[in-house]
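Yeah, the sequence shown ends on 620 if you go by the working numbering, and it's all consecutive.
Virtual Cβ for every residue (Gly too), placed ideally from N, Cα, C.
Accompanying notes for the structure given below.
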Amino acid sequence: MVRSSSRICLVFMIVAGQLGLMGCVAEWQWQYLSPYVPEQRTIDVRTPPQMMQTPLPNLPTPPTVSDPQKDLPEQELTLDEAIRIAIQNSEVVRVLAGVTAVSSGQTIYDPAITNTVIDQEQARFDPNLVFNNRWDRIERPRGEFDTFSPALATINGERRDEYDGRFGLSQVNALGGTASLEVTDHRTLIQPGTFPLNPENRYDITLSYTQPLLQGAGVAPNVAPIVIARINTERSFYQLKGALQESVRGVIEAYWALVFARTDAWARRQQVQQGQAAFDRAEARQRQGLGSAGEVAQTRLALANFKAALVGAEANVLTREAALKNILGLPPSGTPRLIPVTAPSKERLPINWEALLRLAEERRPELVELKLIIEADYQRLIQAENGALPKLDAVSLYRWNGLEGTTPNGSHLTTQGGEFTDWTLGLNFSMPIGLRQGRAVLRQQQLTLMRDRANLEQGLHATNHELAASVRDLAQYYEQYEANREAREAARVNLEQQAAEFIAGRAIFLNVFQAIADWGNTVSAEAQALAQYNVELAVLEQRTGTILETHGIEFFEDRFASKGPLCCFGPNPQYPASLRPGPNANVYPGGTEPAENFFDLKPPIKLEGNLEPAKP
C-alpha cells in the first residue's frame with residue numbers, strides 16, 4: 005500500500021509539472037506539443053496590420069514652394085550648435101548623401117556588441133563544473149524452479165535501490181592542457197537476499213591531465229581567438245569613428261549648402277524685382293506711346309525667366325534645409341525654420357604636405373582598420389600553422405578507489421585511503437596522412453595576409469591621392485572665390501553702367517537684362533565658391549582623420565546592468581552598453597545675423613525710378 009501511494013504521488017508530481025509548463029505555452033506553440041507536427045503545405049504570410057506597429061509622430065505638412073508657410077518661427081543656428089544636435093541624435097549615425105541623409109549602418113551600440121565576443125572566447129578557459137545525481141529502483145521478476153516441487157516453477161525477484169553520483173571539475177589552460185578532478189559514488193541496496201556487502205558503496209577520486217604537445221599546444225594559438233576578438237572590438241570602434249567623422253563632415257557640408265542656397269535665392273529675388281521694375285516701365289512707356297510691343301515682350305520674357313530661376317532657388321533652399329534637418333535628426337516639419345548665423349571663413353589655409361600625410365597614415369580610421377585586419381591575420385596565421393601539425397597528446401591519470409558496506413552480521417567494512425589505486429601514463433598520436441586540410445588552411449591564411457597587406461598599401465595610395473585632391477580643391481575654390489569677388493564688383497559696375505546707358509536711350513534693354521543676369525550669377529558664384537572652400541576644409545580634416553579631434557569630440561562609455569556570474573544571487577554588474585560621442589567644443593565664431601549677410605547683400609541699383617529713360 006505504501007509503495008502504491010508513493011507511485012501515485014510521483015505520477016501526480018510529473019503531471020502537475022507538465023501542466024504548469026503548458027500554462028506558459030503561447031497559442032501558436034500548441035501545435036508543437038502534439039506527438040505529430042503537421043507538414044507545412046502552405047505559405048503563411050501575415051498581413052501588414054498583423055505586424056508590430058510603431059508609433060508615428062504627429063507631423064504637419066512640410067513647407068513647399070507653393071506653400072512656403074512663411075509664418076513658421078525661425079531658429080538661429082550656429083555651425084557648432086548644428087554639430088552638437090547631430091551628435092546628440094547619433095544613436096544611429098547618419099551621413100549626407102546628396103540632398104538627403106541616410107543611415108551609415110553604424111550605431112553607438114556596435115562596439116559594445118562586438119566587445120561581448122571577448123568574453124565568449126575567454127569562456128573556453130572557465131572551469132567546467134558537472135554534478136550528476138541519479139536514483140534508480142530496479143525490480144525484475146524471474147522464473148525459478150520450485151524448491152519443494154521441481155516440476156513447478158515460481159516467480160520471484162529482487163529489488164535493487166541504486167544511487168549514482170558524479171562530481172567533476174575541469175579546466176582548459178592557456179597551454180592547451182586540460183586538468184580535471186572527478187569524484188564518483190555508486191551505492192547499491194539489494195532486497196531480499198544475503199550478500200557479502202549489502203548495502204554496498206563504491207567510490208573513487210580521479211585526477212587527470214592531458215597536454216597537447218604539437219597541435220593545440222602553446223599559449224599563442226590558444227589565446228589567438230581572444231586576441232582576434234579584441235582586435236574586432238577595436239575595428240568596430242574605428243568603424244563607428246569613421247562613420248561619425250563622415251557625419252560631422254556631412255553636417256558641415258549641409259550647413260554651408262544651406263548658406264549658399266539662401267544667398268542664391270536672395271540674388272534671384274533681386275533679379276525678379278529688377279525684372280519686374282523693367283517690365284512695369286516698358287508697359288508704362290507703351291501706354292504712353294513711347295515704347296514698343298517688342299520692348300514689352302523682351303521684358304516679359306526676362307521677368308518670366310527670372311521668376312523660373314527664383315522658383316528653383318527657393319526649392320533648393322527648402323531641399324537644403326530639409327537635408328540639414330535630416331542629418332541633424334530633426335523631423336521634416338513641425339520645427340522652426342533654420343537660419344544659419346555662422347559666417348564662412350575666407351582665410352587661406354596654409355598647407356604642410358608632409359604633416360598631412362603623417363596625420364592620415366596615423367589617424368585615418370580606414371587605414372587604422374586595415375592595420376587591425378593585418379594584426380588579426382597574423383593571429384589566424386598562428387592558428388593555421390598550429391593546425392597543420394600532427395596531434396600528439398600526453399595523458400596522465402591517477403585514481404583512488406574505495407569500497408565500503410555492511411556485512412551479513414551487521415558490521416561495517418571499509419577500505420583505507422590509498423589502499424587501491426590506478427594510474428595511467430600515455431602518449432596519443434594521430435594525424436591525417438598528408439595533412440591536406442591543415443596545409444590548405446595555412447596556405448589560405450598566408451595568401452589572405454598578402455592580400456590584406458596589398459589592401460593597406462592601396463588604402464595609403466588612395467589616401468595620398470585624396471589628400472592631393474583636397475589640396476588642389478582648396479586652392480581652386482579659394483582662387484575662384486577671389487576671382488568671383490572681382491567679377492561681382494565688375495558685374496555691379498556693368499549693371500549700373502548699362503542701366504544708365506539704357507536710361508539715356510543709348511542702349512537696348514537686352515544689355516540691361518544680360519547685366520542683371522550676370523550680376524545675379526556672380527553673387528551666386530561667389531557664395532558657392534566660398535561655401536565649397538569651407539566644405540573642403542572639413543573634407544581635408546576628415547581625410548586626415550582629425551575632424552573629431554578638431555571639433556573636440558570624444559567618446560564616452562555608457563554602461564548597463566546585466567546578469568553576472570552570480571546570476572540571481574547577487575547584484576547585476578555593469579557592462580559596456582554603447583560608445584556615445586560627447587558634445588563638441590565651440591570652434592566656429594558665432595553670429596547674430598543670417599550667414600548670407602557676410603556676402604554684403606545689397607541691391608546694386610535702386611529698383612524704383614532709375615529705369616525710366618531720358619525724355620528725347
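Secondary structure at F152: coil, using DSSP grouped into helix, strand and coil.
Counted as a single uninterrupted DSSP element, the beta strand (DSSP E) harbouring E186 occupies residues 182 to 195. With contacts defined as CB atoms closer than 8 angstroms, E365 and L464 qualify as a contacting pair. Take the alpha-carbon of A503 and the one of Q302: they are about 15 angstroms apart.
The C-beta distance from E85 to T111 rounds to 23 angstroms, too long to fall under 8 angstroms, and the pair is not in contact. The beta carbons of V516 and A282 sit about 7 angstroms from each other, so the pair counts as a contact at 8 angstroms.
Taking 8 angstroms as the cut-off, the beta carbon of N93 is found no closer than this to the beta carbon of G254.
Ranked by Cα distance from G595, the options F560, N309, G586, S349 are led by S349.
Contact between L185 and L133 is absent: CB atoms are separated by about 10 angstroms, not below the 8 angstroms threshold.
For the pair L429 and P216, the Cα-to-Cα distance works out to about 14 angstroms.
Per the C-alpha coordinates, the member of F135, E166, Q126, F149 positioned closest to I142 is E166. With respect to L76, P340 sits close: the two C-beta atoms are nearer than 8 angstroms. C-alpha of G524 to C-alpha of D268: approximately 8 angstroms in a straight line. With respect to the 8 angstroms criterion, E530 and Y485 are classified as neighbours on the basis of their beta carbons. Sequence-distant partners of R239 (beyond 5 residues in either direction) whose C-beta falls short of 6 angstroms from its own C-beta, in its chain, are E373, L376.
Here T418 is exposed. Its C-beta has fewer than 16 other C-beta atoms within 10 Å.
Of W139, P607, N590, the smallest CA-CA separation from T82 is found for N590. When rounded, the separation of the alpha-carbon atoms in P336 and N119 is 36 angstroms.
With respect to the 8 angstroms criterion, G169 and N137 are classified as neighbours on the basis of their beta carbons.
Secondary structure at H465: helix, using DSSP grouped into helix, strand and coil. In the three-state reduction of the DSSP assignment, L328 falls in the helix class.
F171 has F135, V187 as its beta-bridge partners, per DSSP. By the C-beta criterion, the segment 195 to 214 is judged to be in contact with the segment 395 to 408, since at least 3 inter-stretch pairs fall below 8 angstroms. For T120, the enclosing alpha helix (DSSP H) covers residues 114 to 126.
Within the segment 577 to 608, the complete beta strand (DSSP E) segments of 3 residues or longer fall at 578 to 585, listed in chain order.
Between F199 and the set R443, G409, L37, T526, the nearest pair of CA atoms involves G409. Counted as a single uninterrupted DSSP element, the alpha helix (DSSP H) harbouring T267 occupies residues 223 to 291.
Straight through space, the alpha carbons of V276 and G509 are spaced by roughly 23 angstroms. Put simply, of F424, Q450, R457, L396 the residue whose alpha carbon is nearest the alpha carbon of N432 is L396. For L342, the enclosing beta strand (DSSP E) stretches over residues 341 to 344. Exclusion of the five residues before and after V99 leaves S108, E250, S251, G254 as the residues of its chain whose Cβ lies within less than 6 angstroms of its Cβ.
Around D140, the same chain offers R164, D165, E166, Y167, D168 as residues with beta carbons nearer than 8 angstroms, after the five sequence neighbours per side are excluded.
As the crow flies, the alpha-carbon of F310 is around 11 angstroms from that of Q518. Taking 8 angstroms as the cut-off, the Cβ atoms of G246 and L179 do not count as close. Take E389, set aside five residues on each side of it, and the residues of its chain with a beta-carbon closer than 7 angstroms to its own are L446, in chain order.
Looking at the DSSP output, A380 shares a beta bridge with no other residue.
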